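Under numbering that gives the first Met the number 0, residues 0 to 545 are what the sequence shown spells out, in order.
To start, the structure itself, in structure tokens.
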Amino acid sequence: MDSKKRKLPKHFETEVNYSFMNGVNAYIMKAGIENARMKIFKTQLKKYGGSFSDELTKDTTYIIVEEKIDITRLLSILQVEAIPGHINVVNTNWLSRCFREKSLVNIDSFIINRNLLIFKTDVQNVSKTFEINPEDAVRENKQTTFSGTLKVAPVCTPSRIHIHESKQKGSNECESGNSSEYETSDDDVKLNRKVSVPSTEGMLKKGNWVCAQSSLNPIPNLNSHITEKLEEMVKKYESTSDKWRAFGYQKAIQVLKKHPKKITTWEEAKSLPAIGAKLADKIWEIIESGGLRKLDEFKSNEEIKTLELFSNVWGAGAVTSRQWYQQGFRTLDDLKTKAKLTHQQEVGLKHYDDILDRMSREEAGEIEKTVRKTVETIQPELIAQACGSYRREKSTCGDVDVLVTHPDGKSHKGIFYKLISKLKEQGFITDDLVSSENDGNQQKYLGVCKLPGKNRLHRRLDIIIVPYDEYACALVYFTGSAHFNRSLRYLAKKCGMSLSNHALRKDVVRKGTQKIYEGTVIPTPTEESVMTLLGVPYRPPNERDH
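So, in structure tokens, the structure goes:
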């Protein structure tokens, strides 16, 4: 039989309209959709003439959500009261059907909660929800738009912000979630701008912002006997890809850690923000018995133990771990001999125990020194700085992140491949995980290294080449902790700014969780300048270990 691909008859080729998704500008909500599936959707959309955006815009015509998402949860995630009538809200089955049938399928069977959506005739309610001038909202085609008045968040200038504690329940900053889809409302913390504030003292209400506190003087956790059990539950739910429950538990844990007294009754637990009746039941069970039956069930569950084992393979998350389990694999040897692995997973399996083992601070320092010496052979003025738990002066480290930059702002260019090649020639880098990952103007290498000598273990190493004008923000980001960073980013949002590993920006325009305008970069020559601009006292790395 001819090994070449058979061509379709010409009459079939001409019948396929490869632009049938033309006019479809989709916002695909990430919640509940696996990364691989999301990638397929975006690729197919583009292939067949459609387009997509990672956030809602005035040009969005379709919101596409996972099958289990209902309109109530959608509105909650988007932080709006209603959806403009010109936007079709459908589940992912609609996209799949369109791609399968190679045509734009009727949406009627795929609209979520059809009776709760706002339709095109209801212009008044739509315009009220999105602050649109009703006259502007009515076009010849009667479609509403996002155009109209946008609220520009105020700029947080140095020494000119006074933050008041919100009187609303649950007004403390929300720092539990990682995704912007789960951020709390902008009403959570009320900002009152004063003309002048004498000094940084008193600028932040004590106890509200983690980034304003030293981790050397932590707020005592009077409910650690409860939070320790709940943290174990978070890990179990994460290993089973139940991110909604994991997120709910994380929020509750933060509330319990900050609570100024020991919880002694069910009613007291239930009265706290982020804690409902079911979670209060579990908290009361811990208080009464010191244990949690659900956690014991998890610990004795062979499936969950296997999922945890697999999820510790570098390059494998909860979804992949479950797929392996469903394919009948139960041990690491099963994966090595039977599973179809990516290169990263092969490396992760090969060095499974080494990567899980935390290294001493001294060993992390040797790794930094090795990278720095090699960097200096390329260009003596280059800077190489280890970040993460090493920079926060922790006694052990899981991996080592090294930032490399040059004060002249240009000599860092072109050194990436030279540096990686030299480290490989020395036998220091043993395995690649991600050979090169571009993040804006930053370039990142992820790999495995091993120091010379007997009984040395393989260690995870990331090297990030950073322009000098982004160095301070990158230092803050890669030093951590994750909790400290979330607090800083959330404060920046409250100040009408945004903070990333690239820059601190002012004049950011937002509409709910949607960023309409990225804002303008504020020069930040040092980490101190980043924190001063945000109105918080400078905390050295060893005071950021929250």
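By construction, the Cβ of each residue, glycine as well, lies at the ideal position given by its N, Cα and C atoms.
Bear in mind that the values here come from a model prediction, so they are computed numbers and not experimental data.
Rounded to the nearest angstrom, what separates Glu100 and Gly22 at their Cα positions? Approximately 17 Å between the Cα atoms of the pair.
Endpoints, the beta strand (DSSP E) within which Thr503 is located: Looking at the sequence itself, residue 503 is Leu, so the reference to Thr does not match. First-last of the beta strand (DSSP E) with Leu503: 503–505.
Going by DSSP, name the residue or residues bridged to Cys396. Per DSSP, the beta bridge partners of Cys396 are Met358.
Does Ile274 come out as helix, strand or coil in the three-state DSSP assignment? In this structure, Ile274 counts as coil in the three-state DSSP scheme.
Run the CB neighbour count on Arg390, radius 10 Å, all protein chains shown included, and call it buried at 16 or more, exposed below. With 16 or more other Cβ atoms from the protein chains shown falling within 10 Å of its own Cβ, Arg390 counts as buried.
Sort Asp241, Leu422, Asp356, Gly446 by Cα distance to His342 and report the nearest one. With distances taken between Cα atoms, His342 lies closest to Gly446.
Residues that DSSP places opposite Phe51 in a beta bridge: In the DSSP output, where bridge partners are listed per residue, Phe51 has Ala25.
Residues bridged to Ala383 [DSSP beta-bridge criterion]: Ala383 pairs with Val403.
Would you report the Cα separation of Gln212 and Lys443, rounded to the nearest angstrom? So the alpha carbons of these two residues sit roughly 31 Å apart.
If you count every other CB in all the chains shown that lies within 10 Å of the CB of Pro83, and 16 or more means buried, which is it? So Pro83 counts as buried.
Determine the closest residue to Asp431 out of Ile366, Asn500, Glu345, Tyr476, with distance taken between C-alpha atoms. Selected option, being the one with the closest Cα: Glu345.
Helix, strand or coil, according to DSSP, for Leu255 in the structure here? Leu255: helix per DSSP, three-state reduction.
Cα-Cα separation, Val209 to Ser480: For the pair Val209 and Ser480, the Cα-to-Cα distance works out to about 11 Å.
What first and last residue would you give for the beta strand (DSSP E) that runs through Glu436? Residues 428–438.
Ile62 (DSSP reduced to helix, strand or coil): DSSP places Ile62 within a strand segment (E or B) once states are collapsed to three.
On the CB-based measure, 16 or more other CB atoms within 10 Å of its CB, does Lys168 come out buried or exposed? Any reading at Lys168 needs caution, since the residue's pLDDT is 35, under 50, leaving its predicted position unreliable; the model's value is listed next. When all chains shown are included, Lys168 counts as exposed.
By DSSP, does Thr519 sit in helix, in strand, or in coil? Annotated three-state conformation of Thr519 is strand, per DSSP.
Pair every Cβ in the stretch 500–507 with every Cβ in the stretch 460–476, then say whether three or more of these pairs are closer than 8 Å. Contact holds between the stretch 500–507 and the stretch 460–476, because three or more Cβ pairs, one in each stretch, are under 8 Å apart.
According to the neighbour-count rule (16 or more other Cβ atoms, all chains shown, within 10 Å of its Cβ), is Tyr61 buried or exposed? With a threshold of 16 other beta carbon atoms within 10 Å, Tyr61 meets it and is buried.
Assuming the contact rule is C-beta atoms closer than 8 Å, Gln78 and Thr404 should be a hit. Round their C-beta distance to whole Å, please. With 8 Å as the limit, Gln78 and Thr404 do not qualify as a contact, their Cβ atoms being about 37 Å apart.
Does DSSP put Gln322 in a helix, a strand or coil? Helix.
How should Ala338 be labelled, buried or exposed, when 16 other C-beta atoms within 10 angstroms of its C-beta is the threshold for buried? Ala338 is buried by the Cβ-count criterion.
Within the chosen definition, does the stretch 522–530 reach the stretch 451–471 through at least 3 CB pairs nearer than 8 Å? Cβ pair count under 8 Å is three or more, so yes.
How far does the beta strand (DSSP E) with Val233 in it extend, from its first residue to its last? DSSP places Val233 in no beta strand (DSSP E) but in the uninterrupted alpha helix (DSSP H) bounded by 223–238.
Identity of the residue in Leu348, Leu291, Thr71, Gly327 nearest Thr226 by Cα: Nearest of Leu348, Leu291, Thr71, Gly327 to Thr226, Cα basis: Leu291.
Which class does Ser18 belong to by DSSP, given the choice of helix, strand or coil? Reduced to three states, the DSSP call for Ser18 is coil.
For Glu230 and Ile262, which I take to be in contact (beta-carbon distance under 8 Å), what is that distance rounded to the nearest angstrom? So it is not a contact: roughly 16 Å between Cβ atoms.
Counting along the chain, where does the alpha helix (DSSP H) carrying Arg292 start and finish? That run of the alpha helix (DSSP H) goes 292–299.
If you check the beta carbons only, do Phe19 and Leu103 fall under 8 Å apart? Yes, these two residues count as a Cβ contact at 8 Å.
Just to check my reading of the structure: Asp333 and Leu456 have Cβ atoms closer than 8 Å, yes? What is that Cβ distance to the nearest angstrom? The C-beta distance from Asp333 to Leu456 rounds to 24 Å, too long to fall under 8 Å, and the pair is not in contact.
Quickly, what does DSSP pair Ile464 with across the bridge? List them, please. Beta-bridge pairing links Ile464 to Val403, Gln442.
Looking at C-alpha atoms only, which residue of Met496, Val401, Gly518 is the closest neighbour of Val465? With distances taken between Cα atoms, Val465 lies closest to Val401.
Please confirm if the stretch 415–430 is in contact with the stretch 368–383, defined as three or more CB-CB distances below 8 Å between the two stretches. Between the stretch 415–430 and the stretch 368–383 there are three or more C-beta pairs closer than 8 Å, enough to call the two in contact.
Spatial neighbours of Asn140 within its chain, please: C-beta separation below 7 Å, excluding the five flanking residues on both sides. At Asn140, the pLDDT of 29 sits below 50, so the modelled position is not reliable; the number obtained from the coordinates is stated separately. Cβ contact annotation for Asn140 (same chain, cutoff 7 Å, sequence separation greater than five): none.
Taking 6 Å as the limit between beta carbons, can you name the residues of its chain near Ile32, skipping five residues before and five after? When the five nearest sequence neighbours on each side are left out, the beta carbons in the same chain lying within less than 6 Å of the beta carbon of Ile32 are those of Glu65, in order along the chain.
Buried or exposed: where does Ser388 fall if 16 or more other Cβ atoms within 10 Å of its Cβ makes it buried? Its Cβ being crowded by 16 or more others within 10 Å, Ser388 is buried.
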